[in-house]
Every structure is written in structure tokens, then in C-alpha cells.
Amino acid sequence: MFKTHKPDRKHLMEVLWDIQKNKRCIESEEIVKVAQAFDMSRIELEGIISFYHFYHFDDAGKYTVYLDTSIIAEHGGRQEIRQAFEEATGTTFGSVTPDLTFGLFDTPCIGLSDQEPACLINFRPFTSLTPQKVFNIVTQLKAGKRPSEICDVPKTNIRYTPPADRTVFFKPYEKFSALAALRDRTPDEIIDTVEQSKLAGYGGAFFPTGKKWRFCRQTPAEKRYVIANADEGEPGTFKDRVLLQTHPELLIEGLIFAAYAVGASEGAIYLRAEYMYLKEELDRLLVEYRRKGFLGKNIPAKTPFEFDLYVHLGAGAYVCGEETALIHSMEGRRGEPGTKEYFPVQKGFLGQPTVVNNVETLSAVPRVFEAGVENWLKVGTAKTPGTKIISVSGDCTNPGIYEIEWGTDFNDFLRMTGARDPKMVQLSGPSGVCVAVAVDPKTGLYLVDGQDRRALSGEDLACGGSFMIFDETRNILKVLKSYSDFFVAESCGLCVPCRTGNFLLNKKLQKLINGHGEKKDLHEITEWSEIIKTTSRCGLGQFSNNSLLLAIDKFPDVIDRALADNTDFNPAFNIETATAEYDRIVEEINANYD
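Using this note's numbering, read the sequence shown as starting at 354 and increasing by one per residue.
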């Protein structure tokens with residue numbers, strides 16, 4: 354094992370993955386060996402292993418099935434698929450067959466929301482599942498076929514791009530071409546260009562990219578790092594997956610630009626485990642870029658530099674999409690968010706200044722230099738120039754990927770997707786915002802939160818990438834409950850308000866779904882959500898109840914129907930009353946025994 358991996362903590366997850374893949378679990382004997390090799394306690398290592406969803410202490414089966422649990426999968430027929438897997442394999446979810454052939458497990462969104470129901474089998478994708486397809490898959494696996502031989506290639510489903518002269522991402526690109534800009538520019542001039550382009554983080558925070566790079570470059574340090582955040586775990590989001598399928602070279606070149614600009618000699622692509630099937634092509638491309646002299650030593654630029662890059666595989670933790678949690682994960686630790694005493698550009702990976710940008714942001718960088726700032730600024734809006742990639746799923750005719758100009762009319766976009774009787778649209782995933790949609794009887798246009806002429810832009814409705822459509826037949830409270838289930842499961846547990854508060858709010862939602870809600874429940878939901886927001890250290894807790902609070906305000910009819918008619922209803926459970934007789938008997942027995 355350690356012939357290929359030096360016992361350095363930053364290689365810990367690679368080592369754990371080697372063991373997991375070879376032995377289908379990380380057994381006690383291996384834990385002892387790894388702990389000794391990395392000079393750490395067994396308890397600490399077990400804590401790290403248990404943090405990640407895809408590491409197992411017990412045999413996960415020769416064929417390990419992970420079925421998507423997202424609300425989009427649920428509406429697409431997930432329960433039928435779940436039942437089909439159980440019938441075909443002879444075991445239930447959360448368990449492994451007695452002969453250790455099949456292991457069935459639930460998992461959050463796997464980035465295939467436009468092709469649900471979907472699952473991963475040994476991290477190979479299987480899409481658009483039907484019960485019959487499930488039986489065929491299991492039959493072939495039993496007959497000796499490997500998942501890699503029968504899996505699907507996920508469709509890119511690129512439904513729309515602007516006119517060719519206004520498209521940024523999904524158009525032909527000649528590899529290495531934009532890197533010519535390095536030959537006549539200093540690092541500071543590269544940053545100047547990125548700042549002039551107004552390029553901002555596409556993940557949802559929209560922090561200016563050039564400013565982030567400059568902060569990192571100006572921080573005194575022995576070494577600096579650049580990291581691509583390819584851990585898009587927000588349910589309903591799959592734009593990065595499609596970018597990596599179609600133009601992975603843009604991401605690599607974006608990282609090369611970033612490394613030159615900030616003075617980094619090492620970088621990484623933190624790839625979510627759910628996209629493990631994309632790693633082989635990324636690794637192949639890295640070899641090609643090394644061979645061409647764009648990775649390694651003496652990279653051609655006005656100031657020649659040294660930079661190399663590798664792919665770091667995550668292991669199933671939504672919270673690792675947060676940059677400090679991602680950095681901790683790369684350092685071989687539990688992926689728990691850090692405090693904001695320092696920003697990563699000041700003190701990040703291994704204590705050194707680090708730039709973390711997402712895939713879409715970095716992929717835009719070569720296009721900025723290819724087009725030139727003047728042409729770049731002609732597309733989009735004044736505040737948010739360029740285009741945005743939107744992942745559309747849910748109740749619509751045309752789910753998939755849309756590259757739109759910032760400033761696109763919301764009404765036009767919704768019709769473009771073929772939305773069917775939309776009632777609610779979720780922007781930027783469960784941690785984003787929900788908007789109420791209704792048809793204006795006078796104009797026939799969609800009203801968004803009671804307004805017409807809303808736009809997808811930084812000035813109005815900013816979208817991080819996920820665009821989930823829910824029609825009139827969907828139970829909004831059950832949608833919100835699905836979001837809550839997700840946050841309860843994905844909370845790292847470090848902050849007590851996030852860990853316990855979201856659990857309690859989940860119970861409140863179930864109470865409303867059951868029709869037993871009271872006015873005081875709405876007050877408590879609001880009060881508790883504010884506490885969670887202000888006392889959580891990362892975005893998971895801070896934004897976990899955004900949509901719940903917005904829905905209470907935007908869908909009063911739904912909330913009113915959930916309130917109990919009988920105001921005397923008291924759902925409180927009195928533990929003392931329930932156990933009084935038991936306590937009396939115990940006391941009597943103890944008294945007789947004495």
C-alpha cells in the first residue's frame with residue numbers, strides 16, 4: 354500500500370480509497386496499520402472514516418448500489434426503483450445480501466437530476482431507471498458482467514446556448530490556445546484582466562474572482578495553492594458534471610492561469626466521489642498537459658513558472674463543498690468547516706494561502722482571455738457580464754443544461770424549459786431561494802412572487818446553478834421536508850444549533866404535513882431558524898432554512914391547510930405520565946428486594 358503512497362496526511366484519503374476499492378470495506382486490521390503508518394490514533398482515524406458516506410467499516414458488497422434520494426428522484430419514481438432493487442437482489446436498503454454480492458444504500462443527489470431515477474453501482478452511473486431495467490441490470494451482474502461494461506454514459510442534455518458569438522462555455526475550444534496570453538503578461542497583469550472582466554464566483558457567493566486572486570498573491574508565504582471545487586453536492590445541480598464531460602480542458606487551463614497569477618506551484622481538483630467515473634479522463638488530460646509542457650517545470654510565460662496538478666477524490670460529504678471543509682478533507686481530516694479567523698487566501702491548505710474556485714468559474718477564465726475583456730463585457734448585464742449555466746430538472750418537458758446570458762427574462766426561460774403548471778421554482782438548490790409562480794389571468798404571463806418581468810441576474814434573481822420546477826400537483830410541505838431530511842443527514846454535527854435545530858424543525862414539518870400544525874409552530878420555526886442561521890459556522894446551517902421561511906411567507910394557502918382545525922389539539926408527549934406505572938412497579942420491586 355505505501356509503495357504507492359507516502360505516509361503524508363494529504364494522501365490519507367487516497368489510501369483509504371485503495372483499501373475500500375480492494376476490500377470493499379476498511380476493516381479493523383487495516384485501520385490499525387493505517388493509523389500506525391500515519392502516526393495517528395485509531396480513534397482519530399475511525400472518526401475520519403465514519404465522517405464520509407462512501408467509506409464502510411463492513412463489507413459493502415461486490416456490487417454496491419447507491420440510489421439517489423433527492424426530491425427530483427422521488428417525483429421521478431424512486432420508490433418503484435427501490436422496490437425493484439430489493440426484489441431483484443433479495444435484500445433491503447441499508448443491508449448486504451448474505452453472500453455479500455449486493456449492497457443496497459441510499460445516497461443524496463448524484464448529479465443526474467435530468468435523468469432520474471438514477472443510481473451508482475460501484476460508482477458507475479445508471480440513468481433513467483425503470484423496474485424492468487433494474488431487473489435486467491441485476492441479472493447481468495449475476496451473470497458476471499462488470500458495472501463498467503453495462504453502465505450508461507450520462508447524457509449532457511445541453512438544451513440551449515446563446516448565439517455563437519455570445520456563448521461562453523459550450524462551443525468549440527482549441528486546447529492550449531488561451532494559454533498563449535501568459536507569454537506577454539505578468540501575474541499582476543493576468544489578475545488585472547480578470548478583475549476588469551468582472552468575473553465572479555459562479556457557485557452562488559459571487560465573490561469577485563480577481564480580488565480573491567490578488568488577496569492570495571499579496572499574502573506573504575513560502576508556498577501557495579489553487580484548488581478547483583468540483584464537489585457540486587447541492588441537490589438539483591449537475592452543471593459541473595456536464596462541463597467536465599464536454600470541456601475539462603477549460604478547467605485545467607483555468608487552474609494554470611490561477612496558479613501563474615497567485616504564484617502557486619501546486620494545485621488540485623477536488624472531485625466528488627459521485628463523479629469518480631470522470632476521473633480517468635481528467636487524469637489522462639493531465640498527462641497530456643504535462644507532455645505539452647503546460648504542467649511541470651518551466652511552463653512558458655512572461656515569467657516562466659512551475660506548477661503541477663492532481664485529482665483529489667472526495668468520499669461523500671455535502672459539507673465539503675464549503676471551502677474550509679474541503680481544505681480539511683484534503684489535509685486528511687474530517688471535512689468539518691473551520692472558523693473564519695482566516696480566509697483560505699490568507700491561511701488555507703497546509704496553512705498556506707490558497708485559492709478555491711468552482712469548476713464553472715475557472716472554466717470561464719480561458720474564455721475571458723480568448724474573447725478579450727471588451728468583447729466579454731458585451732455579453733450579460735453590467736453587474737454580471739457573461740453567461741450562466743443552469744441545471745434544470747423537475748416538472749418540465751426539457752430538463753437539462755441551459756447556458757443563458759445573465760439578464761435573461763425569467764418568464765422566457767421558464768417557457769423555454771417546458772415547465773408544466775409550475776407552482777414553485779427552487780433556485781440554487783435547497784439552500785437557495787424558492788419563488789412562487791402563477792399565471793397572470795390578464796396577460797397569460799408567469800408572475801414570479803406576484804411580479805412580472807423578473808430576470809436571472811446578479812441584479813435580480815441570482816442563481817447558483819440548480820433550477821428545480823415543481824408543479825401544482827406537488828405537496829410543497831413534502832418538498833420542504835425532503836430539503837430538511839437532506840440537511841439533517843448532511844450536517845457535520847459540529848455546531849449544536851445546526852445539528853439539533855434542524856432535527857427539531859424536521860419534526861415540525863412532519864407535524865404540519867400530518868395536519869396537526871399550530872400557529873405557535875410557525876412562530877417557533879421562525880425563531881429557531883434565526884438561531885441556526887446566526888450561530889452556525891458554515892453555509893449549511895446558515896442557509897438550511899431559507900426556503901422553509903420563504904415558503905411560509907409565499908404559500909400561505911399551503912400553510913393554512915396544514916394547521917389543525919382543533920386548536921385544543923395537544924401533541925406534546927408527557928414522559929412522566931407515560932412511564933408512571935412502570936416507575937411504580939420498579940419502586941415496589943426495589944423496596945421488596947431491599
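Ideal Cβ placement from N, Cα and C applies to all residues, glycine included. The structure presented is a predicted model; accordingly, all values stated were derived computationally and were not measured.
* Asked: What are the start and end residues of the beta strand (DSSP E) that includes L780?
  -> Boundaries of the beta strand (DSSP E) around L780: P775 to L780.
* To do: For the segment 663-682 and the segment 615-625, state whether three or more C-beta atom pairs, one from each stretch, are separated by less than 8 angstroms.
  => yes
* Asked: Should the segment 416-424 be called in touch with the segment 456-475, which here means at least 3 C-beta pairs below 8 angstroms?
  -> The segment 416-424 vs the segment 456-475: in contact.
* Which of helix, strand or coil does DSSP assign to H600? -> coil
* Buried or exposed: where does Y935 fall if 16 or more other Cβ atoms within 10 Å of its Cβ makes it buried? -> exposed
* Please name the residue, chosen from T888, G753 and A724, that lies closest to P507 on a Cα-to-Cα basis. => When C-alpha distances from P507 are compared across T888, G753 and A724, the shortest belongs to G753.
* Asked: First and last residue of the alpha helix (DSSP H) that includes S900?
  -> N899 to K907
* Verify whether the separation of the beta carbon atoms of T1034 and Q598 is less than 9 angstroms. => Nothing can be reported for residue 1034: it is not among the residues displayed for the chain, which extend from 354 to 947.
* Verify the contact flag: E758, CB atom, against every heavy atom of the ligand HEM, threshold strictly below 8 angstroms. => Among the components modelled here there is no ligand, and therefore nothing to report on the ligand HEM.
* **Entirely enclosed beta strand (DSSP E) segments - the segment 416-465, minimum 3 residues** => 416-421 and 455-460
* State the start and end residues of the unbroken alpha helix (DSSP H) segment that holds M366. => L365 to K376
* Taking the alpha carbon of L465 as the point to measure from, which residue in L457, F479 and D459 has its own alpha carbon closest? -> F479
* Asked: Quick one: Cα of D661 to Cα of R644, how far?
  -> 12 angstroms
* **Helix, strand or coil at D948 according to DSSP, with G and I counted as helix** => No answer is possible for residue 948: it lies beyond the span of the chain, which begins at 354 and ends at 947.
* Asked: Could you give the distance in angstroms between the alpha-carbon of E843 and the alpha-carbon of K495?
  -> Approximately 33 angstroms between the Cα atoms of the pair.
* Where does I401 land, buried or exposed, given buried means 16+ other C-beta within 10 angstroms? -> buried
* Would you report the Cα separation of P653 and V595, rounded to the nearest angstrom? -> Their Cα atoms are separated by approximately 30 angstroms.
* **Among D361, D412, F407 and Y695, nearest to S381 - alpha-carbon criterion** => D412
* Asked: Excluding five sequence neighbours on each side, which residues of the same chain lie with their C-beta closer than 6 angstroms to the C-beta of Q549?
  -> V726
* Asked: Are there 16 or more other CB atoms within 10 angstroms of the CB of T707, so buried, or fewer, so exposed?
  -> buried
* Asked: Going straight from the alpha carbon of E457 to that of A441, what length do you get?
  -> First, the residue type needs correcting, since residue 457 is Leu and not Glu in the sequence shown. Those two C-alpha atoms are separated by around 11 angstroms.
* Can you have a look at A944 and say buried or exposed, based on whether 16 or more other CB atoms are within 10 angstroms of its CB? => exposed
* Taking just the CA atoms, how far does S819 sit from S394? -> 41 angstroms
* Asked: Relative to the C-alpha of D913, which residue among G556, K872, L482 and H600 is closest?
  -> K872
* To do: Go ahead and label F560 buried or exposed: buried means 16 or more other beta carbons lie within 10 angstroms of its beta carbon, across all protein chains shown.
  => exposed
* Among R536, I829, T740 and T826, which residue has its Cα nearest to the Cα of P657? -> R536
* Given a cut-off of 9 angstroms, decide if T740 and A815 are closer than it, judged by their beta-carbon atoms. => no
* **C-alpha distance - H681 paired with F404, whole-angstrom precision** => Rounded to whole angstroms, H681 to F404 spans 12 angstroms at the Cα level.
* Grouping DSSP H, G and I as helix and E and B as strand, with all else coil, what is F820? -> strand
* Asked: Does DSSP put I742 in a helix, a strand or coil?
  -> strand
* Do the segment 767-787 and the segment 741-749 make contact, defined as three or more Cβ pairs closer than 8 angstroms? -> yes
* Roughly how many angstroms separate the alpha carbons of V547 and I605, rounded to a whole number? -> 17 angstroms
* Could you spell out where the beta strand (DSSP E) holding C472 opens and where it closes? => C472 to I474
* Contact check, A614 vs I543 under 8 angstroms by CB: the rounded distance? -> 4 angstroms
* To do: Would you be able to state if there are at least three C-beta pairs under 8 angstroms between the segment 480-500 and the segment 671-687?
  => no
* So, do the segment 799-814 and the segment 837-854 have three or more beta carbon pairs nearer to each other than 8 angstroms? -> no
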